[in-house]
Amino acid sequence: MCTRCDRPISATSPASPWQLRRAFLLIAAGVAFSRPALSQVNVGNASVARNLVPADKIEAAGVQQYGQLLAQARAKNALAGDNNAQLQRLRAIAQRLIPFATPWNTRAREWKWEVNLIGSKQINAFCMPGGKIAFFTGILEQLKLSDDEVAMVMGHEMAHALREHARARMAKSAGTGAALSIGAQLLGLGQVGDLAARAGTQLITLKFSRGDETEADLVGLELAARAGYDPKASVSLWNKMATASKNQGGLSFLSTHPSGTDRIAKLEANIPKVESLYRNAKRS
Ligand SMILES: [Zn+2]
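Mapping of the sequence shown onto this note's numbering: residues 117 to 400, in sequence order.
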């Protein structure tokens, strides 16, 4: 037995040829299924590196940490009840967005989507791997978000989960240089527990790359347009964020989501691509 993790030493021994072959197949399969054929925004394929970390471990960590956060909020009497009007509004918007999620990630079919509202002045919102969404009252109240703008925030956060950005970050932090050997170790279950534990501590505060942020903006824009939310709200949302960051600074969402002219320019350039989706959704 290994004295550090109580696992048999053989769990981290060199991978067999069939394990290596399976690692290659998993990576290839991830590329093939990572982008829906009919998408309007152009975001390319999801990161190959993410396939080195098992999706179910990251999702399980997300579900577990979401549960802890809700328990903490409940203990402080800061978790909105089912009758809360703002929570009902958030859940209604999520119900319109969720049907369009699966083409971006077939695993989402099995996710138990959940939306909760936490009483906090923080301008913040997130969607954990596995479809666990939370908004803080601060983002709704301080930015006075319209339904279209809420849909843009929610779509953006759902896109991070659907594109498995957290999973890719975990894989990359494990070291892409030795990608194959890590994949083999994961298949041999050598490091799965460690990675899941690390995911559990990092998911809420995870800062994504600029590329991940652009992807989340564009995939979120398309999700919201397909659900019948005005794509122009993406621009008004980020203008509000820019004003808030000037006035208040240091807030969670704003510190991980800089609202620059580059971000707004990319959204403006993509609005025409999803306009017809929005108009068709409004008609139906
Ligand atoms: Zn983001």
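Note that the Cβ used here is the ideal one computed from N, Cα and C, for glycine as well.
ask   = Under a criterion of Cβ closer than 6 Å to any non-hydrogen atom of ligand 1, which residues qualify, in chain order?
value = His272, His276, Phe324, Glu329, Ala332 and His373
- Task: Express the C-alpha separation of aspartate 264 and glutamate 175 in angstroms, rounding to a whole number.
- Result: Residue numbering aside, residue 175 sits at position 59 when the sequence shown is read from its first letter. Residue numbering aside, residue 264 sits at position 148 when the sequence shown is read from its first letter. Cα to Cα, the separation comes out at about 28 Å.
For leucine 393, which residues from the same chain have a beta carbon less than 6 Å from its beta carbon, with the 5 sequence-adjacent residues on both sides left out?
Taking the first residue of the sequence shown as position 1, residue 393 is located at position 277. The residues are Ala341 and Arg342.
Can methionine 268 and glycine 336 be called in contact, C-beta distance under 8 Å?
Residue 268 sits at position 152 when you count from the first residue of the sequence shown. Residue 336 sits at position 220 when you count from the first residue of the sequence shown. Against a cut-off of 8 Å, the Cβ pair of glycine 336 and methionine 268 comes out as a contact.
request  = Please list the segments of the alpha helix (DSSP H) lying wholly inside the segment 172-242, counting only runs of 4 or more residues, in order along the chain.
outcome  = 201-213
Would alanine 312 be called buried (16 or more neighbouring beta carbons within 10 Å of its own) or exposed? One-based indexing of the sequence shown puts residue 312 at position 196. Reliability of the predicted coordinates at alanine 312 is poor, the pLDDT of 44 falling under 50, and no value is obtained from them.
ask   = Quick one: what's phenylalanine 252 bridged to in DSSP?
value = Position 136 of the sequence shown, counted from the first residue, corresponds to residue 252. BP columns for phenylalanine 252 point to Ile234.
Item to check | Top-ranked residue by Cα proximity to lysine 382, from Leu154, Arg225 and Asn158 | outcome: By 1-based counting over the sequence shown, the position of residue 382 is 266. Closest option to lysine 382, Cα to Cα, is Asn158.
- [ ] Starting from the C-beta of alanine 360, find all residues in its chain whose C-beta is less than 8 Å away, skip the five residues before and the five after it, and write them out in chain order.
- [x] As a first step, residue 360 is located in the sequence shown; it is residue number 244 there, counting from the start. Ile239, Gln258, Leu259, Leu367 and Leu370.
Look up methionine 244 in the DSSP assignment and give the residues it is bridged to. The residue labelled residue 244 in the question sits at position 128 within the sequence shown. DSSP, once it has assigned bridges, lists Lys248 as partnering methionine 244.
Review point. Do leucine 185 and alanine 250 have their CB atoms nearer than 8 Å?
Key: Residue mapping note: residue 185 aligns to position 69 of the sequence shown, counting from 1. Residue mapping note: residue 250 aligns to position 134 of the sequence shown, counting from 1. Yes; because the gap between Cβ atoms is below 8 Å, this pair is in contact.
Between which residues of its own chain and cysteine 121 is the CB-CB distance below 6 Å, once the five residues before and five after are set aside? The sequence position of residue 121 within the sequence shown is 5, counting from 1. In this prediction, cysteine 121 scores a pLDDT of 45, lower than 50, which makes its location untrustworthy; the coordinate-derived value is nonetheless stated afterwards. Hits under 6 Å: none found.
Decide if alanine 275 is buried, meaning its Cβ has at least 16 other Cβ atoms within 10 Å, or exposed. Position 159 of the sequence shown, counted from the first residue, corresponds to residue 275. Per the 10 Å Cβ criterion, buried.
Q) Should lysine 173 be labelled buried (16 or more other beta-carbon atoms within 10 Å of its own) or exposed? A) For the purposes of this step, residue 173 is taken as residue 57 along the sequence shown, with counting starting at 1. Looking at its Cβ environment, which holds 16 or more other Cβ atoms inside 10 Å, lysine 173 is buried.
| said: Our contact map puts leucine 154 next to glutamine 202 with C-beta atoms below 8 Å; I'd like the distance itself, whole angstroms only. | reply: By one-based count along the sequence shown, residue 154 stands at place 38. By one-based count along the sequence shown, residue 202 stands at place 86. Not quite, the Cβ-Cβ distance comes to about 33 Å (not below 8 Å), so this is no contact.
Expressed to the nearest angstrom, what Euclidean distance is found between the alpha-carbon atoms of aspartate 328 and asparagine 193? As a first step, residue 328 must be located in the sequence shown, where it is residue number 212. As a first step, residue 193 must be located in the sequence shown, where it is residue number 77. Rounded to the nearest angstrom, the two C-alpha atoms are 34 Å apart.
### Task
Give the straight-line distance between the Cα atoms of glycine 235 and aspartate 378, rounded to the nearest whole angstrom.
In the sequence shown, residue 235 corresponds to position 119, counting from 1. In the sequence shown, residue 378 corresponds to position 262, counting from 1. For glycine 235 and aspartate 378, the distance between alpha carbons rounds to 32 Å.
Using only the alpha-carbon positions, how far apart do lysine 228 and asparagine 386 sit? Translated into the one-based positions of the sequence shown, residue 228 becomes position 112. Translated into the one-based positions of the sequence shown, residue 386 becomes position 270. Answer to the nearest angstrom: the Cα atoms are 30 Å apart.
Just tell me which of Phe216, Arg279, Glu273 and Gln211 has its CA closest to the CA of arginine 166. The sequence position of residue 166 within the sequence shown is 50, counting from 1. It is Arg279.
Quiz prompt | For lysine 323 and arginine 399, the rounded distance between their alpha carbons | solution = Here residue 399 refers to the residue found at position 283 of the sequence shown. Here residue 323 refers to the residue found at position 207 of the sequence shown. Their Cα atoms are separated by approximately 38 Å.
Can you tell me the Cβ-Cβ gap for asparagine 200 and leucine 168, rounded? I've got them flagged as a contact below 8 Å.
-> Working through the sequence shown from its first residue, we reach residue 200 at position 84. Working through the sequence shown from its first residue, we reach residue 168 at position 52. So it is not a contact: roughly 41 Å between Cβ atoms.
Self-check item: Residue range of the alpha helix (DSSP H) that includes serine 392
Solution: Stepping through the sequence shown from its first residue, residue 392 is reached at position 276. Unbroken alpha helix (DSSP H) run through serine 392: 377-399.
Q. For glycine 246, is the classification buried or exposed, using 16 other Cβ atoms within 10 angstroms of its Cβ as the cut-off for buried?
A. As a position in the sequence shown, residue 246 is number 130, starting the count at 1. That one is buried.
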